[in-house]
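> Below is one structure. I have some questions about it.
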Amino acid sequence: MVCLKDYQMLEEGIAYLEYKFNRIHAELKRQSKWGKDILSINTGNEETEKILDQLKKKLTFKKEQLQQLVDLVSNFKNLEQQILKLKNIDGMTLEGIGTKLNYSTHYIKVKHAEIMRRIKFAERLKAGG
Numbered sequence: 036m037v038c039l040k041d042y043q044m045l046e047e048g049i050a051y052l053e054y055k056f057n058r059i060h061a062e063l064k065r066q067s068k069w070g071k072d073i074l075s076i077n078t079g080n081e082e083t084e085k086i087l088d089q090l091k092k093k094l095t096f097k098k099e100q101l102q103q104l105v106d107l108v109s110n111f112k113n114l115e116q117q118i119l120k121l122k123n124i125d126g127m128t129l130e131g132i133g134t135k136l137n138y139s140t141h142y143i144k145v146k147h148a149e150i151m152r153r154i155k156f157a158e159r160l161k162a163g164g
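Per this note's numbering, numbering of the sequence shown is gapless, rising by one per residue and ending at 164.
Written out as structure tokens, the structure reads:
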């Protein structure tokens, strides 16, 4: 399922941008606490602030993309798509999914295993082997 891969890539991208933003922000705080030469701090701050601003914009854009994807996937009515969304995006257990969708746990587990086999098969075909 393409949406699942996109979701995972967006989540990873957001996590990396948040890490990078926090790292730069912490370094900026550290430099200002050490009382470095004011000229070097100001020059660094302007450049750093530009970088932080760019990271904020990228982060906001990726979060908006992620929300749009979640909204799109939430509209899917197909049982298989609902199972994938509830399992991989909402983080529900297969037992919880069965309860929510009014299916037996066994049926949901079998259906999920079948979906995952098809996804793996499609990925192998795509990879050429």
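We put the beta carbon where it would ideally sit given N, CA and C, even for glycine.
With a CB to CB cut of under 6 Å and the five nearest residues on each side skipped, what residues in its chain are close to Gly48?
Excluding positions up to five away in sequence, the list reads Lys97.
> Rounded to a whole number of angstroms, what is the C-alpha to C-alpha distance between Tyr42 and Lys64?
Taking the straight line from one Cα to the other gives about 33 Å.
> How many angstroms separate the CA atom of Leu121 from the CA atom of Phe56?
So the alpha carbons of these two residues sit roughly 30 Å apart.
> Taking Cβ positions, are Leu136 and Gln117 nearer each other than 8 Å?
Taking 8 Å as the Cβ cut-off, Leu136 and Gln117 qualify as a contacting pair.
> Take the Cβ of Val108 as the centre, count every other Cβ of all protein chains shown within 10 Å, and call the residue buried at 16 or more, exposed below.
Answer is buried; the Cβ neighbour count reaches 16.
> From Glu81 to Glu53, what does the alpha carbon distance come to, in whole angstroms?
In a straight line, the C-alpha of Glu81 is about 20 Å away from that of Glu53.
> Exposed or buried, what is Gly163 when buried is set at 16 or more other beta-carbons lying within 10 Å of its beta-carbon?
Result: exposed.
> Answer with buried or exposed for Gly133, where buried requires no fewer than 16 other C-beta atoms within 10 angstroms of its C-beta.
Looking at its Cβ environment, which holds 16 or more other Cβ atoms inside 10 Å, Gly133 is buried.
> Starting from the N-terminal side, write out each stretch of the alpha helix (DSSP H) that is 4 residues or longer and does not extend beyond the region 90-141.
Segments of the alpha helix (DSSP H) lying fully in the region 90-141: 114-119, 129-136.
> On a Cα-Cα basis, can you pick out the residue from Leu45, His141, Arg159 that is closest to Leu94?
When only C-alpha atoms are compared, the closest one is Leu45.
> Just to confirm, is the Cβ distance from Glu115 to Lys146 under 8 Å?
Yes; because the gap between Cβ atoms is below 8 Å, this pair is in contact.
> Assuming Leu129 and Lys144 are in contact, meaning their beta carbons sit under 8 Å apart, how far apart are those beta carbons, in whole angstroms?
About 5 Å separates the two Cβ atoms, so the contact holds.
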